[in-house]
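Comments concern the structure below.
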Amino acid sequence: MLPNIETIPQRHMASGDVLSFQVYKFNGAHPGKKVYIQSNLHGAEIVGNAVIHQLIEFLLSVEPTDLAGEIWLVPVCNSMSTNQRSHFFSSGRYCISEAKDWNRIFWDYEKFTKNIMEFARSQIHLNIETVRKNYLDAIQQKFTDLLEKINSSSSVSYTEKFRYKLQSLSIDADYLIDIHSHTTQGLNYV
């Protein structure tokens, strides 16, 4: 199966260069769930690139009729951090202009909703699929409301724009995997 490949511009640099990332979209012949897998948020996390490239190779050998749903793969989700270097050291863990860890910039619905318990009480007599759909619709609506701020002419930080762009790819995913690794002195963990 061949993927649809979308190239998404991430940032226009002062040099005129445009940093971008690619999304490999494998769509099955049958409806189903969406899986979203990204790697390399912190730049030096090359293990995730290898994992996703192996997944791409595997999915190229699969027939569309063998897949229900869709799989979106983003091997290098943050080209800014990948290109960030200080001598021989990859310093891509942080957005250097805002002093923020890339993994701490993401929007969290629960922090922006007034009362999640109120929502839960209002759904208590509904079946689980209806509750799930209503909850996802509420999340999607709040997320969509952010776009007005992102597109405004007022000063919006780069990390806010980037997180919106990246999260918009996965906001409707049923399964999301964000692959992290360490290349020098990290601890082994599962």
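First residue of the sequence shown? That's 1232 in the numbering used here, and the numbers climb one at a time after it. Note that the Cβ used here is the ideal one computed from N, Cα and C, for glycine as well.
Buried or exposed by the 16-neighbour rule on C-beta atoms within 10 Å, applied to residue i
{"i": "L1397", "result": "buried"}
{"i": "Q1241", "result": "buried"}
{"i": "I1327", "result": "exposed"}
{"i": "N1346", "result": "exposed"}
{"i": "G1274", "result": "buried"}
{"i": "F1252", "result": "buried"}
{"i": "I1336", "result": "buried"}
Top-ranked residue by Cα proximity to residue i, from the options
{"i": "L1427", "options": "T1238, S1251, S1270", "result": "Nothing can be reported for residue 1427: it is not among the residues displayed for the chain, which extend from 1232 to 1421."}
{"i": "E1329", "options": "K1392, I1287, R1352", "result": "K1392"}
{"i": "A1281", "options": "M1348, N1334, P1306, E1360", "result": "P1306"}
{"i": "R1363", "options": "G1279, D1405, D1248, V1387", "result": "D1405"}
{"i": "S1353", "options": "E1341, Y1366, K1342, D1332", "result": "Y1366"}
{"i": "T1334", "options": "R1394, I1359, S1384, N1258", "result": "Here residue 1334 is Asn; the residue named in the question, Thr, does not match the sequence. For the residues R1394, I1359, S1384, N1258, the minimum Cα distance to N1334 belongs to R1394."}
{"i": "A1369", "options": "L1250, I1381, E1341, F1289", "result": "E1341"}
{"i": "A1245", "options": "M1311, S1385, K1265", "result": "M1311"}
{"i": "L1298", "options": "K1331, V1266, F1289, H1261", "result": "H1261"}
{"i": "V1266", "options": "G1247, L1286, D1248", "result": "L1286"}
{"i": "D1332", "options": "N1309, F1343, S1384", "result": "N1309"}
{"i": "D1339", "options": "G1247, L1250, V1249, S1399", "result": "S1399"}
Straight-line gap, residue i to residue j (C-alpha atoms, nearest Å)
{"i": "V1421", "j": "E1276", "result": "Note that V1421 has pLDDT 48, beneath the 50 cutoff, so the model's placement of it is unreliable and the number below is only indicative. Approximately 16 Å between the Cα atoms of the pair."}
{"i": "I1283", "j": "I1268", "result": "8 Å"}
{"i": "P1295", "j": "L1272", "result": "29 Å"}
{"i": "L1233", "j": "L1291", "result": "6 Å"}
{"i": "H1411", "j": "T1313", "result": "13 Å"}
{"i": "Y1389", "j": "H1356", "result": "42 Å"}
{"i": "V1278", "j": "E1349", "result": "42 Å"}
{"i": "G1263", "j": "I1402", "result": "16 Å"}
{"i": "T1361", "j": "Q1371", "result": "15 Å"}
{"i": "K1373", "j": "E1288", "result": "36 Å"}
{"i": "A1351", "j": "F1343", "result": "16 Å"}
Which residues DSSP lists as bridging residue i, in chain order
{"i": "R1335", "result": "None; R1335 has no bridge partner."}
{"i": "E1237", "result": "V1254"}
{"i": "E1349", "result": "Looking at the DSSP assignment, E1349 forms no beta bridge with any residue, so it has no partner."}
{"i": "Q1372", "result": "According to DSSP, Q1372 bridges with nothing at all."}
Is it true that the stretch 1235-1250 meets the stretch 1376-1385, where meeting means three or more beta-carbon pairs spaced less than 8 Å apart?
-> no
Examine the Cβ distances between the stretch 1244-1259 and the stretch 1295-1314 and report whether three or more of them are shorter than 8 Å.
-> These segments touch.
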